[in-house]
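Worksheet: the structure to be examined is printed underneath.
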Amino acid sequence: MALDKPYLDVPGTTIFDMEQSRRGYHLNQFCMSLMKAGNRARFKANERAYLDEWPMTGEQKQAVMARDLNRCIALGGNIYFLAKIGATDGKSFQQMAGSMTGMSEAQYRDMMIRGGRSIEGNRYVAEKK
Amino acid sequence: MMARITASVYTSHVPAIGAAIDLGKTGEPYWQPLFKGYEPSKAWLKANRPDAIFLVYNDHANAFSLEMIPTFAIGCAAEFMPADEGWGPRPVPRVIGHPELAAHIAQSVIQQDFDLTIVNRMEVDHGLTVPLSLMCGQPAAWPCPVIPFAVNVVQYPVPSGSRCYRLGRAIRKAVESYDGDLKVQIWGTGGMSHQLQGPRAGLINREWDKAFLDELIANPERLAGRPHIDYVREAGSEGIELVMWLIARGAMSDSGPGGTAPHVQHRFYHVPASNTAVGHLILENR
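Now the structure itself:
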């Protein structure tokens, strides 16, 4: 019997479950390596060369270099790990979260000050279509 | 004499709150309403200083990578250093542990069928240090020893609400069997509604959060029965952190037979702190 994954029906959301974690293991472990200042410096000096030290897929490496966090998440990345890339770039968590929504930094910040994104229309995938 | 749990504290642990404190921004218009909500809590903690805090939180890919992912990890060390999460370690005091009480709780709780991971060396991230900063301000040393208790809420599946609630009960039983006149507080941290990833990032659900606070106070057993999907759908993918509040709530006197409902000492709610809704409660055992 297949596993029950009701969270697949939540729009705009990827749950970091065992399947995603398996897919993203090396991507996330690469991110962890950026907790060391020396590694951050080497990564910044030559991103491609640094990424090539990790057994990541070409797609994952491309997504990292493009700073496409939605793509990174689809390929198994987890936001708390991906945040290490943002820290390396000097970005705040809010800037990173906002970058995934299609909104500008100012638009996203203003939405949060006004009380955040409404739950109405955001519960089920079908509501978004 | 025996040790006892005197009170439980619940609070969000947003990293931006720590940064606001560390950078001296607490008086800015954006932050001022939030910190005002914690003023009564700081006074309360000064007047009700415990001998130890059992602090339930989660690590955010700092102490634990994907190499090893413990569901429940109890910190048994004598001290814990603040982690460098990528922006440099927070300038906060080191956390002094309580190895005797931690070892006692580990032994008791494992014998009550909860498989804790015993951790003797660990750095602690904002999940643990931001609640301490909110409740204590910027002291030279934290007011008492702290036992870090890390729960996996990053790698799904995370423990269920009902399991967390029952674990709280086991922790209370463990504390009450400790031979020593200790006043122990248990803190549950994380939440409230927030989502940090994907096109739905920025989700906040005030109604759900308020209902959660109401039910946590008045009917925690029913609240504990809520499935994960309710948290994810209604409170955002990172709102799942709220299951950790049920560990603290399960450790209160009324979770067992004959216990009295706790006194609500303080309740506060504010939106936003960065991407997150902030909730806060103090419950005292009578």
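Chains as they are written, first to last, in the working numbering: chain A, 1 to 129; chain B, 1001 to 1286. C-beta: ideal position from N, C-alpha, C; glycine also.
Residues near residue i in its chain [Cβ-Cβ closer than 6 Å; skip 5 each side]
| i | result |
| --- | --- |
| residue 1038(B) | 1134 |
| residue 1267(B) | 1281 |
| residue 1251(B) | 1005, 1168, 1171, 1172 and 1186 |
| residue 1165(B) | 1224, 1246 and 1250 |
| residue 1255(B) | 1169 |
| residue 54(A) | 26 and 30 |
| residue 72(A) | 63 and 82 |
| residue 1089(B) | 1082 |
Own chain residues within Cβ distance below 7 Å of residue i, not counting five before or after
| i | result |
| --- | --- |
| residue 1238(B) | 1194, 1195 and 1196 |
| residue 1031(B) | 1020 and 1025 |
| residue 1109(B) | 1116, 1170, 1171 and 1174 |
| residue 1120(B) | 1076 and 1077 |
| residue 20(A) | 14 and 76 |
Interface partners of residue i on chain A, CB under 9 Å
| i | result |
| --- | --- |
| residue 1148(B) | The premise fails here: residue 1148(B) is roughly 17 Å from chain A at the closest Cβ pair, so nothing lies under 9 Å. |
Neighbourhood of residue i by C-beta, 8 Å cutoff - its chain only, sequence neighbours within 5 removed
| i | result |
| --- | --- |
| residue 1028(B) | 1020 |
| residue 122(A) | 11, 12 and 128 |
| residue 1158(B) | 1071, 1151, 1152, 1228, 1240 and 1243 |
Cβ neighbour criterion (16 or more within 10 Å) applied to residue i
| i | result |
| --- | --- |
| residue 18(A) | exposed |
| residue 1081(B) | exposed |
| residue 104(A) | exposed |
| residue 1260(B) | exposed |
| residue 113(A) | exposed |
| residue 1233(B) | buried |
| residue 1056(B) | buried |
| residue 1045(B) | buried |
| residue 1001(B) | exposed |
| residue 46(A) | exposed |
| residue 1126(B) | buried |
| residue 1138(B) | exposed |
Within chain B, the residues that residue i reaches when beta carbons sit closer than 8 Å
| i | result |
| --- | --- |
| residue 57(A) | Under the 8 Å cutoff, chain B gives no residues; its nearest Cβ is about 16 Å from residue 57(A). |
| residue 94(A) | 1016, 1274 and 1275 |
| residue 87(A) | 1085, 1086 and 1087 |
Interface partners of residue i on chain B, CB under 7 Å
| i | result |
| --- | --- |
| residue 108(A) | 1202 |
| residue 32(A) | 1061 and 1065 |
| residue 64(A) | Under the 7 Å cutoff, chain B gives no residues; its nearest Cβ is about 15 Å from residue 64(A). |
Within chain A, the residues that residue i reaches when beta carbons sit closer than 8 Å
| i | result |
| --- | --- |
| residue 1178(B) | The premise fails here: residue 1178(B) is roughly 34 Å from chain A at the closest Cβ pair, so nothing lies under 8 Å. |
| residue 1154(B) | 16, 78 and 80 |
| residue 1162(B) | Going along chain A, no residue has its Cβ under 8 Å from residue 1162(B), so there is no contact; the nearest lies around 17 Å. |
| residue 1272(B) | 112, 113, 115 and 116 |
Per DSSP, cross-strand counterpart(s) of residue i
| i | result |
| --- | --- |
| residue 1082(B) | 1124(B) |
| residue 1185(B) | 1007(B) and 1053(B) |
| residue 1273(B) | 1276(B) |
| residue 1075(B) | 1119(B) |
| residue 1263(B) | 1284(B) |
| residue 1362(B) | This structure gives no information on residue 1362(B), because the portion of chain B shown stretches from 1001 to 1286. |
| residue 1268(B) | 1280(B) |
Under 7 Å from the C-beta of residue i: neighbouring residues of chain A
| i | result |
| --- | --- |
| residue 1220(B) | Near residue 1220(B) there are no residues of chain A at all, since even the closest Cβ is about 23 Å away, more than 7 Å. |
| residue 1048(B) | Near residue 1048(B) there are no residues of chain A at all, since even the closest Cβ is about 33 Å away, more than 7 Å. |
Neighbouring residues, chain B, relative to residue i (Cβ below 9 Å)
| i | result |
| --- | --- |
| residue 70(A) | 1197, 1198 and 1199 |
- Could you please tell me which residues of the segment 1226-1246 of chain B, in chain order, have their CB closer than 7 Å to any CB of chain A? 1229, 1232, 1233, 1234 and 1237
- Quick one: which residues of the segment 1013-1026 of chain B get their C-beta closer than 9 Å to a C-beta of chain A? List them in chain order. 1014, 1015, 1016 and 1019
- Query: Relative to chain A, which residues along the segment 1054-1072 of chain B have a C-beta separation below 7 Å, given in chain order?
  - Reply: For the segment 1054-1072 of chain B, the residues whose beta carbon sits under 7 Å from a beta carbon of chain A are, in order, 1060, 1061, 1065 and 1066.
- Message: By the 7 Å beta-carbon criterion, what residues does the segment 111-127 of chain A contribute toward chain B?
- Response: Interface annotation for the segment 111-127 of chain A against chain B: 111, 112, 113, 115, 116, 117, 119, 122 and 123, criterion Cβ-Cβ distance under 7 Å.
- Item | Residues, ordered as in the chain, of the segment 17-29 of chain A that lie near chain B by beta-carbon distance below 7 Å | 17, 21, 25, 28 and 29
- Item | Cβ-based contacts, 8 Å cut-off: residues of the segment 1077-1107 of chain B near chain A | So the list reads 1084, 1085, 1086 and 1087, given in the order they occur along the chain.
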